[in-house]
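Chemist: Protein chains in written order, with the numbering used here: chain A, 90 to 225; chain B, 90 to 225; chain C, 90 to 225; chain D, 90 to 225. Glycine included, every Cβ here is placed at the ideal spot set by N, Cα and C.
There are 4 protein chains.
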Amino acid sequence: MVTKDQLAHFFKTDFPQADIVIESIGDKSATIRKHINHNHLRPGGTVSGPVLMEVADAALYAAILAEIGLQAMAVTTNLNINFLRKPAADKDIIGECKLIKVGKLLVIGEVSLYSEGMSEPVAHAVATYAIPPPRS
Amino acid sequence: MVTKDQLAHFFKTDFPQADIVIESIGDKSATIRKHINHNHLRPGGTVSGPVLMEVADAALYAAILAEIGLQAMAVTTNLNINFLRKPAADKDIIGECKLIKVGKLLVIGEVSLYSEGMSEPVAHAVATYAIPPPRS
Amino acid sequence: MVTKDQLAHFFKTDFPQADIVIESIGDKSATIRKHINHNHLRPGGTVSGPVLMEVADAALYAAILAEIGLQAMAVTTNLNINFLRKPAADKDIIGECKLIKVGKLLVIGEVSLYSEGMSEPVAHAVATYAIPPPRS
Amino acid sequence: MVTKDQLAHFFKTDFPQADIVIESIGDKSATIRKHINHNHLRPGGTVSGPVLMEVADAALYAAILAEIGLQAMAVTTNLNINFLRKPAADKDIIGECKLIKVGKLLVIGEVSLYSEGMSEPVAHAVATYAIPPPRS
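1) Cβ of A:L202 within 8 Å of Cβ of A:L141?
2) Is it a yes or a no for the stretch 112-120 of chain D touching the stretch 186-195 of chain D, going by three-plus beta-carbon pairs under 8 Å?
3) Counting only the same chain and skipping the five closest in sequence on each side, list residues whose C-beta sits under 6 Å from that of C:K93.
4) Within the 8 Å Cβ cut-off, does A:L149 reach chain B?
5) Do C:K190 and C:I125 have their C-beta atoms within less than 8 Å of each other?
6) What does the Cβ neighbour count give for B:D103, buried or exposed, with the cut at 16 atoms within 10 Å?
7) Going along chain C in order, which residues have a C-beta closer than 8 Å to the C-beta of D:I114?
8) Along chain D, in chain order, which residues have C-beta atoms closer than 9 Å to that of B:L168?
9) So, with DSSP's three-state summary, where would you put C:E199?
10) Measuring CB to CB, does C:Y218 end up less than 8 Å from C:V136?
11) For A:L168 versus A:A214, is the C-beta distance shorter than 8 Å?
12) For the stretch 189-219 of chain B, list every residue whose C-beta sits within 8 Å of some C-beta in chain D, in sequence order.
13) Only counting runs of 4 or more residues, tell me where the alpha helix (DSSP H) segments fall wholly within the stretch 142-187 of chain D, in order along the chain.
14) Nearest-angstrom Cα distance between B:M207 and B:I182?
15) Exposed or buried, C:G133, counting other C-beta atoms within 10 Å across all chains shown (16 or more means buried)?
16) DSSP three-state label for A:T217, please.
17) Just reading off the beta strand (DSSP E) that C:A97 is part of, what are its end residues?
18) Let me see if you follow: with CB-CB separation under 8 Å, is A:M142 close to chain D or not?
19) From B:K175 to D:V144, what does the alpha carbon distance come to, in whole angstroms?
20) For D:P132, go through chain A and note every residue whose CB falls closer than 8 Å to its CB, in chain order.
21) Exposed or buried, what is D:K123 when buried is set at 16 or more other beta-carbons lying within 10 Å of its beta-carbon?
22) Identify whether A:G138 lies in helix, strand or coil by the three-state DSSP scheme.
23) Can a CB atom of chain D be found closer than 8 Å to the CB of C:L173?
24) With a cut-off of 8 Å, does the C-beta of D:P176 fall near any C-beta of chain A?
25) Could you name the residues of chain B that C:P221 contacts, counting a contact when the two beta carbons are closer than 8 Å?
26) Rounded to whole angstroms, how far is the Cβ of B:A147 from the Cβ of B:G198, which I believe are closer than 8 Å?
27) For the beta strand (DSSP E) that contains D:K117, what are its first and last residues?
28) For C:G138, return the contacting residues in chain B, with the cut-off set at a CB-CB distance below 9 Å.
29) Compare the beta carbon distance of B:P139 and C:P139 with 8 Å and say whether it is the shorter of the two.
Here it is in structure tokens:
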């Protein structure tokens, strides 16, 4: 079983560019946080779409590694995202992921993205990761 | 506020070909049932993908009409579905829809589809309906 | 190499419920036709969304079998469809599929759907099929 | 009619963070380039998924502005992407967008993404932009 600290350490060392904080992990679920600064904004004072997509992808990756182990290979094969509301420019983005199927080859999960402190999501994504079979 | 009986009557008279039962409606949500018979099966003894897509689409339509009224126009613009597990051939399909955004022009919802009595979904869909502006 | 006649025979015997005609097959591509009758229409005189989804799914299945052989197992894992224009009530639906990746485990293709004789598509879909590994 | 130079100037001044080059624009189409450097890579020496999503989103935005004018408002409402092949670490990413519907409220397009010089796409996306009605 992967702990939150182990997962946080993995992201810090292996995916520093994702620049995310592991807020919590649970049964087939994970919540992450992305600190938002001016590099993440687009004109009009809102968080850019690609940043939201990045957080959705990372939240699913965190939930998968928490479920199947840090040594696993896992690559995104499909991501579908709906942008729902304008994110706040001065709030972190929180990504809450729940896995809806953990198969041998494919793992599918959904992610709700929030501007911290808001009750309605700013975006919702569903994505699929492929788990390559281990080399024998 | 649309009642369950009004919504059931609407589907029976205006969309008889959908052939669905309204199980319940709630706050931005609806649950429907599709009776499965041999016409809905494909070789191997499972419910065909198009039937699942049809139930997902109808569940969202039911939730939208319950929310914004039976007189509304609403047309599907996008539907994304992931097929997760093999449905049972001899069980009804239950579709549970939750709306995640009710905007003036677009309504977005997610639907979990189950073979009745199973705890894990057989499919999961996210779809968008456009609400055409009323003609003046 | 699968011929058009072999593919047509397969659909007629193994998937009679799909009720489609193979128009042509090519390199990683296939075109199919669905005869539209009043059972496929919805109020307002247009082809229903689920019928379009069914044709999209079948077009991709046809292209896959033409490419990798009729004995193959292949199941839809994801389908994303955008509804673009109102289909004609009295025209057949034509589905043109091009495969964009033929992998060992996953095959992905896109499908443009037309009301016969119209130059602009009524819908566009992208879908993924999983190819289960052969049992040893 | 928007020229390539006008579009390039717009991206340079209004969306410098996108950091893209307009390669060409055409009838309901646009091709853009993203220079790839080490900031865009992930472990294993490949371009990260979020960078590909960003280029897909930008290619569609470029095609839309070229079609409907630089003064237009346009916001992404849905993006669906399939990751097909591993991008090269040392090649620019080229995004080729074709619009498949230009409506009053919604514009839908598809984007093929390539590592420069490769014949097979590394990813394929379909996305929808909403065009807010002008304020009266």
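Modeler: Once the coordinates are examined:
1) Mapped onto the first sequence, residue 202 of chain A falls at position 113. Mapped onto the first sequence, residue 141 of chain A falls at position 52. Contact check for A:L202 against A:L141 passes: the beta carbons are separated by less than 8 Å.
2) yes
3) Position 4 of the third sequence, counted from the first residue, corresponds to residue 93 of chain C. Result list for C:K93: I111, I114, in chain order.
4) Position 60 of the first sequence holds residue 149 of chain A. Taking Cβ atoms only, chain B never reaches closer than 8 Å to A:L149, which makes this a no.
5) Within the third sequence, numbered from 1, the residue matching residue 190 of chain C stands at position 101. Within the third sequence, numbered from 1, the residue matching residue 125 of chain C stands at position 36. No; because the gap between Cβ atoms is not below 8 Å, this pair is not in contact.
6) Counted from its first residue, the second sequence places residue 103 of chain B at position 14. So B:D103 ends up on the exposed side.
7) As a first step, residue 114 of chain D must be located in the fourth sequence, where it is residue number 25. Here the premise fails: no neighbours, minimum Cβ distance about 21 Å.
8) The residue labelled residue 168 of chain B in the question sits at position 79 within the second sequence. In chain order: nothing, as chain D lies at least about 11 Å away.
9) Taking the third sequence and counting its residues from 1, the one referred to as residue 199 of chain C is at position 110. Strand, per DSSP.
10) Start at 1 with the first residue of the third sequence, and residue 218 of chain C comes out as number 129. Start at 1 with the first residue of the third sequence, and residue 136 of chain C comes out as number 47. Going by C-beta atoms, C:Y218 is not nearer than 8 Å to C:V136.
11) Translated into positions along the first sequence, residue 168 of chain A becomes position 79. Translated into positions along the first sequence, residue 214 of chain A becomes position 125. Yes, these two residues count as a Cβ contact at 8 Å.
12) L194, L195, T217, A219
13) Considered as a whole, the stretch 142-187 of chain D harbours no complete run of any alpha helix (DSSP H) with no fewer than 4 residues.
14) Taking the second sequence and counting its residues from 1, one reaches residue 207 of chain B at position 118. Taking the second sequence and counting its residues from 1, one reaches residue 182 of chain B at position 93. Cα atoms of B:M207 and B:I182: separation of roughly 10 Å, rounded to the nearest angstrom.
15) Within the third sequence, numbered from 1, the residue matching residue 133 of chain C stands at position 44. Burial call: exposed.
16) To locate residue 217 of chain A, count along the first sequence from 1; it is residue 128. DSSP places A:T217 in strand when its eight states are reduced to three.
17) Counting from 1 along the third sequence, the entry for residue 97 of chain C is found at position 8. Run containing C:A97: none in the beta strand (DSSP E); it sits in the alpha helix (DSSP H), 93-103.
18) Reading the first sequence from its first residue, position 53 is the one you call residue 142 of chain A. Closer than 8 Å: yes.
19) Taking the second sequence and counting its residues from 1, the one referred to as residue 175 of chain B is at position 86. Taking the fourth sequence and counting its residues from 1, the one referred to as residue 144 of chain D is at position 55. Distance between the alpha carbons of B:K175 and D:V144 is about 36 Å.
20) In the fourth sequence, the residue the question calls residue 132 of chain D occupies position 43. Chain A residues near D:P132: D103, F104.
21) Mapped onto the fourth sequence, residue 123 of chain D falls at position 34. When all chains shown are included, D:K123 counts as buried.
22) Locating residue 138 of chain A in the first sequence gives position 49, counting from the first residue. The answer is helix: DSSP assigns A:G138 an H, G or I state.
23) As a first step, residue 173 of chain C is located in the third sequence; it is residue number 84 there, counting from the start. Interface residue, yes.
24) As a position in the fourth sequence, residue 176 of chain D is number 87, starting the count at 1. No, no contact with chain A.
25) If you number the third sequence from 1, residue 221 of chain C lands on position 132. Under the 8 Å cutoff, chain B gives no residues; its nearest Cβ is about 12 Å from C:P221.
26) In the second sequence, the residue the question calls residue 147 of chain B occupies position 58. In the second sequence, the residue the question calls residue 198 of chain B occupies position 109. 12 Å between Cβ atoms; not a contact.
27) As a first step, residue 117 of chain D must be located in the fourth sequence, where it is residue number 28. Here D:K117 belongs to no beta strand (DSSP E), and DSSP marks it neither H nor E.
28) Against the third sequence, residue 138 of chain C aligns to sequence position 49. Neighbours of C:G138 on chain B, chain order: M142, E143, D146, V164, T165, L168.
29) Translated into the one-based positions of the second sequence, residue 139 of chain B becomes position 50. Translated into the one-based positions of the third sequence, residue 139 of chain C becomes position 50. Yes. Within cutoff.
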